[in-house]
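Since the structure comes first, as structure tokens, the remarks are kept for the end.
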Amino acid sequence: MKKKIFVDGLSGTTGLGINERLSKYDNIELIKIDYDKRRDINERKKCLNEADLVFLCLPDEAAREAVSLVTNPSTKIIDASTAHRTISGWTYGLPELSPSHKEEIKNSKRVSNPGCHATAFVLSLYPLIKNNIMPADYPVSCQSITGYSGGGKNLIEKYEDKNKDNPYTKAPRPYSLGLNHKHLKEMMVHTGLVNSPIFLPIVANYYKGLATIIPIHTSLLNKKLKGKELYNVLAHHYKNQKFVKVMPYIDEESLGDYKYIFDGGLDITACNDTNLAEIFVIGNDEKNISMIITRLDNLGKGASGAAIQNMNLMLGYEEDLNL
1 MKKKIFVDGL SGTTGLGINE RLSKYDNIEL IKIDYDKRRD INERKKCLNE ADLVFLCLPD
61 EAAREAVSLV TNPSTKIIDA STAHRTISGW TYGLPELSPS HKEEIKNSKR VSNPGCHATA
121 FVLSLYPLIK NNIMPADYPV SCQSITGYSG GGKNLIEKYE DKNKDNPYTK APRPYSLGLN
181 HKHLKEMMVH TGLVNSPIFL PIVANYYKGL ATIIPIHTSL LNKKLKGKEL YNVLAHHYKN
241 QKFVKVMPYI DEESLGDYKY IFDGGLDITA CNDTNLAEIF VIGNDEKNIS MIITRLDNLG
301 KGASGAAIQN MNLMLGYEED LNL
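Once you know that position 121 of the sequence shown is 121 in full-length UniProt numbering, the rest is easy, because the numbers rise by one and skip nothing.
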């Protein structure tokens with residue numbers, strides 16, 4: 001029997017991405033709502049409760065409202081908003097963190113889809129804090145650069161405005177300068193950090209692709225590991241994962257011959273149109289510093305791809321089906 005799926009909030013970038021990916025399935029039935037009834041609460045409630053699984057691609061308050069409308073105890077929900085990522089009773093949808101994370105997703109009826117920046121950040125640091133290599137009070141700083149699609153339809157329109165004096169296209173733009181980005185709580189809760197990281201996201205004039213950049217003073221770690229040893233921790237932790245890859249170690253000696261380096265730098269769009277997250281560890285042991293760079297498609301593993309991966313697990317499909 002086909003599973004019934006409803007996407008609430010189909011017009012945004014994440015909703016559209018999920019809908020496109022769902023078109024590859026022949027074992028599901030999409031519940032559709034008339035465009036002029038998409039804000040009709042009774043019509044939405046009907047669709048929500050008919051579904052075996054619902055994707056919520058809505059602003060936070062609207063997502064909370066949608067959850068309150070679900071009275072069918074069998075309906076499973078994947079919420080792509082920020083609303084439930086740190087709420088008790090909801091499972092965090094990043095299965096690569098541990099076998100228990102994956103099992104919880106498989107058995108959950110309420111899964112919160114991670115944020116794009118948070119996905120890369122949490123993947124980078126979770127193994128280090130979990131293994132007591134990085135102290136929970138380590139003074140973490142992180143820059144994250146992303147394409148403008150991460151800002152949704154409104155920001156896309158601003159960047160794609162063809163006005164020659166368009167200020168959005170002149171240079172990369174640091175934002176969230178109040179140091180209170182909406183992903184921060186999620187980053188702390190799901191890594192185990194006790195202090196807020198200094199997090200500076202930057203949006204640039206390209207459509208999609210994201211990378212978090214986290215510098216590490218290895219002398220401040222609980223275990224004074226060299227760069228290659230840090231790499232080994234991450235490589236071991238993610239060794240059996242289909243969608244998280246720890247790339248070969250980089251140091252000053254290997255930099256010139258490293259095939260993933262593009263003209264002296266790293267291409268942060270290389271995971272676009274995939275559900276991959278790729279982690280790079282770069283070390284300079286002479287200076288006791290290392291760096292972790294994690295890249296992904298902010299619309300893929302950072303949004304709709306992750307949602308489909310979670311759906312596959314929740315419905316008992318192969319995790320990588322149609323991904």
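We treat Cβ as the ideally placed atom computed from N, Cα and C, and that holds for glycine.
Predicted model only: the values in this text are computed from it and were never measured.
Nearest neighbour of residue i, chosen from the options [CA to CA]
i: Tyr-175; options: Tyr-168, Asn-154, Val-203 and Thr-191; result: Val-203
i: Lys-181; options: Pro-201, Arg-173, Asp-165 and Ser-23; result: Before going further, note that residue 181 is His rather than Lys in the sequence given. When only C-alpha atoms are compared, the closest one is Pro-201.
i: His-117; options: Leu-210, Ala-171, Asp-60 and Trp-90; result: Leu-210
i: Gly-115; options: Pro-73, Ser-98, Leu-128 and Thr-86; result: Thr-86
i: Asp-297; options: Arg-64, Ile-78, Thr-146 and Ala-307; result: Thr-146
i: residue 377; options: Glu-61, Leu-128, Ile-5 and Thr-82; result: The chain is shown from 1 up to 323; residue 377 falls before or after that span and cannot be answered.
i: residue 328; options: Leu-323, Ile-31 and Arg-21; result: Residue 328 is absent from the structure shown; the chain starts at 1 and stops at 323.
i: Leu-177; options: Thr-91, Glu-186, Phe-199 and Gly-151; result: Phe-199
Within 8 Å, strictly: CB atoms of residue i and residue j
i: Leu-299; j: Thr-13; result: yes
i: Ala-80; j: Ala-303; result: yes
i: Asn-49; j: Val-67; result: no
i: Ala-120; j: Ser-149; result: no
i: Lys-76; j: Leu-53; result: yes
i: Ser-108; j: Met-311; result: no
i: Ala-307; j: Ile-41; result: no
Continuous beta strand (DSSP E) stretch holding residue i: start and end
i: Ser-141; result: 141-147
i: Ala-277; result: 277-284
i: Phe-199; result: 198-204
i: Ile-216; result: 210-217
i: Leu-53; result: 53-56
N-terminal and C-terminal residue of the alpha helix (DSSP H) that residue i is part of
i: Asp-42; result: First, the residue type needs correcting, since residue 42 is Asn and not Asp in the sequence shown. Start and end: 41-50.
i: Ala-235; result: 227-237
i: Thr-82; result: From DSSP, Thr-82 is part of no alpha helix (DSSP H); its letter is neither H nor E.
i: Arg-110; result: Note, Arg-110: premise wrong, no alpha helix (DSSP H); beta strand (DSSP E) at 110-112.
i: Leu-128; result: 116-130
i: Thr-294; result: From DSSP, Thr-294 is part of no alpha helix (DSSP H) but of the beta strand (DSSP E) over 289-296.
i: Glu-103; result: 99-106
Distance between beta carbons of residue j and residue i, contact taken as under 8 Å
i: Lys-223; j: Ile-133; result: 5 Å
i: Ile-279; j: Ser-124; result: 6 Å
i: Thr-269; j: Tyr-206; result: 7 Å
i: Leu-230; j: Gly-283; result: 7 Å
Worksheet item: Between the segment 128-142 and the segment 217-235, do three or more beta carbon pairs fall short of 8 Å?
Response: yes
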